[in-house]
Amino acid sequence: MITMEFDEMKKIWDAQNNQPLYVIDEKALHNRVQSKMSTVLRLTNISEWSLIMTYLVAGGILIGLNPFKRGANIFLYLEAIWMFAVVVYFVVSHIRRIKASRQFDRSIHGDLNHTISLLSYQVRLSQIIRWNLLPMGAIMIFSGWEAGKLFRVSAVILVSYTLAFYVTSKGIRANKRRKRELQVLKEKLETGN
Amino acid sequence: MTEKERLDILEEWLKLHKGLIFKVVRAYTVEDHDDLFQEIIIQVWHSIPAFRQEASVTTWLYRIALNTAIKWTKKEKKYAGAEILDNVQHLLQENRIQVDERLTWLYGEIYKLDEIDRSVTLLLLEGFSYKEMSAMLGISESNVGVKINRIKKQLIAKSKNYDNHGI
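If you read the protein sequences in the order shown, they are chains Z and Y.
Just so we're aligned: 68 in the working numbering is position 47 of the first sequence, and the numbers increase by one with no gaps anywhere.
Just so we're aligned: 42 in the working numbering is position 39 of the second sequence, and the numbers increase by one with no gaps anywhere.
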C-alpha cells in the first residue's frame with residue numbers, strides 16, 4: 022500500500038489555484054434575487070399604505086373632533102394640515118417610486134438594482150418619519166402651551182419621539198445592512214464570479 | 004472611505020483572491036457553500052476600513068475567511084436541521100471540469116478535522132509560516148507546531164487507505 026507524502030498533498034493543493042473551484046448557478050441566483058425583491062416590495066407597499074392611512078386618520082380625527090373639544094386651538098388644526106401635507110408627500114413619493122420601477126429590466130442586474138433602490142427608498146422613508154416628528158412635536162408643544170398643559174404634552178412628545186427614534190433606527194440599520202449585502206452581491210456579479 | 008472606494012477595493016480583492024475564499028468554503032461546508040461564501044464576502048466588506056496594510060491582503064483575507072467559517076460552523080451546528088436542505092437552491096456549483104479525485108479526497112479529510120485543525124491545515128497547505136498562523140488563529144506558535152505534526156501524521160496515515168491517488 023502506498024502512502025501520500027505531505028509534499029505531494031501540497032502539490033495537489035497548489036494545482037487547484039489555476040482552476041476555478043466553483044461556478045455560480047445563474048438561475049438559482051436570479052430566483053434568490055427575485056424572492057428578496059418581492060419581499061422588499063411587499064414590505065415597502067405595506068409601509069407606504071400604513072403611513073398614509075395613519076396620518077390620514079390621525080389628521081381626520083384632529084379636524085373632526087377639534088370643534089367639539091374643550092381647549093381646542095389653532096395649533097391642533099395646524100397639526101392636522103401638516104399631517105395631510107405629509108400624506109400628499111407620501112402619495113407623490115409612492116407614484117414616483119412606481120414610475121421609477123419601470124426603468125428596471127427583469128434581468129438579475131435589473132432586479133438587483135430595483136431591490137437596492139427599494140431599500141434606499143425604505144431608508145429615506147424611515148428618516149422622513151423620524152425627522153417629521155420634530156415639527157409635529159413642536160406644533161403639539163405649542164398647542165399644549167396654549168391649552169395650559171405644556172408639561173404634560175411635552176412629556177408625551179418626548180416619550181413618543183424617543184420610541185419612534187428607537188424603532189426607526191432599527192429599521193434604518195436593518196435596511197442599510199440588506200442594501201449593503203445586495204451591493205456586495207452586485208459587485209460579485211460584476212467582477213465575473 | 005467612501006462607499007465607492009470600498010466597492011473598488013472589494014472588487015479588486017475578489018478578482019485576485021476569490022480562489023482563497025472558495026478553498027475555505029469547501030473545507031468548512033459540504034452543502035451550504037453559497038451561504039458561507041456570502042457570509043465571508045459580507046465580513047470582508049465590513050473589514051475593508053480596518054485594513055491597514057500591515058499584513059498582506061492574502062493574510063488579511065485568510066484571517067477574515069477562517070474566523071467567519073469557524074463562527075459560521077458553530078452557529079450551523081447549533082441550528083442544524085432548522086432548514087430542509089432539499090428546498091434550498093444553491094448558488095455555487097462545483098466546477099465539474101476540474102475533477103482531481105485526490106483533491107476531493109484531501110478536502111474530505113480536511114473537513115473531518117475540527118474547526119481549528121481545519122484552519123491550520125488550510126494555512127499550512129497555503130504555505131503560511133508558524134508565526135503567521137499563530138497570529139491569525141490566536142494560538143501559540145508551539146501549539147501550531149504540535150497541531151501540524153499531528154495533522155501531517157494523520158493525513159499521511161489516512162492516505163494509506165486511499166488507493167486511487169494515482170502515485
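Note that beta-carbon positions come from the ideal geometry of N, C-alpha and C, so glycine has one too.
| Item | Value |
| --- | --- |
| Using only the alpha-carbon positions, how far apart do Y:Arg55 and Y:Thr76 sit? | 28 Å |
| Could you tell me whether any Cβ in chain Z is nearer than 7 Å to the Cβ of Y:Asn90? | In this prediction, Y:Asn90 scores a pLDDT of 42, lower than 50, which makes its location untrustworthy; no coordinate-derived value is stated. |
| Express the C-alpha separation of Z:Ser122 and Z:Ser128 in angstroms, rounding to a whole number. | 13 Å |
| To be precise: take each residue of the segment 38–55 of chain Y, compare its Cβ to all Cβ atoms of chain Z, and keep it if any distance is under 7 Å. Which residues remain? | Ile44, Ile45, Trp48 |
| May I have the straight-line CA-CA distance separating Z:Ala106 from Y:His49, to the nearest angstrom? | 39 Å |
| Less than 7 Å between CB atoms is the rule here; does Z:Val205 satisfy it with respect to chain Y? | yes |
| Of the residues that make up the segment 115–139 of chain Y, which ones have a beta carbon closer than 7 Å to any beta carbon in chain Z? | Leu128 |
| Looking only at C-alpha atoms, which of Y:Asp103, Y:Thr32, Y:Arg105 sits nearest to Y:Thr71? | Y:Thr32 |
| Thinking C-beta only, is Z:Val54 closer than 7 Å to Z:Leu133? | yes |
| What do you reckon, are the CB atoms on Y:Gln46 and Y:Ile67 nearer than 7 Å? | yes |
| Quick check: what's the CA-CA separation for Z:Ser71 versus Z:His115? | 12 Å |
| Please report the Cβ distance between Z:Leu154 and Z:Lys200, rounded to the nearest whole angstrom; I am assuming they are in contact, meaning their Cβ atoms lie under 8 Å. | With a Cβ gap of about 24 Å, Z:Leu154 and Z:Lys200 do not count as contacting. |
| Would you call Z:Leu86 buried or exposed, if buried means 16 or more other Cβ atoms sit within 10 Å of its Cβ? | exposed |
| Contact criterion: CB-CB distance below 7 Å. Does Y:Glu86 meet it with respect to chain Z? | Model confidence at Y:Glu86 stands at a pLDDT of 42, short of 50, so the residue's coordinates are unreliable; what they give is reported in the following sentence. Not one chain Z Cβ lies under 7 Å of Y:Glu86. |
| Below 8 Å on C-beta distance, what does Y:Arg153 contact in chain Z? | Neighbours of Y:Arg153 on chain Z: none; closest Cβ ~12 Å, over 8 Å. |
| Looking only at C-alpha atoms, which of Y:Lys163, Y:Leu69, Y:Thr107, Y:Glu34 sits nearest to Y:Gly141? | Y:Leu69 |
| Here's the rule: buried if 16 or more other CB atoms are within 10 angstroms of the residue's CB, otherwise exposed. What is Y:Ile154? | buried |
| Report the start-end ranges of each beta strand (DSSP E) in the segment 132–188 of chain Z that is 3 residues or longer and not cut off at the edges. | none |
| Short of 7 Å in beta carbon distance, which residues of its chain neighbour Y:Gln41, apart from the five on each side in sequence? Order them along the chain. | none |
| List, in order along the chain, the chain Y residues whose C-beta lies closer than 8 Å to that of Z:Phe27? | Lys155, Leu158, Ile159 |
| List, in chain order, every chain Z residue whose beta-carbon is nearer than 9 Å to that of Y:Gly2. | Missing from the structure shown is residue 2 of chain Y; chain Y here goes from 4 to 170 and no further. |
| For the candidate residues Y:Lys26, Y:Thr5, Y:Asp11, whose alpha-carbon lies nearest to that of Y:Glu129? | Y:Lys26 |
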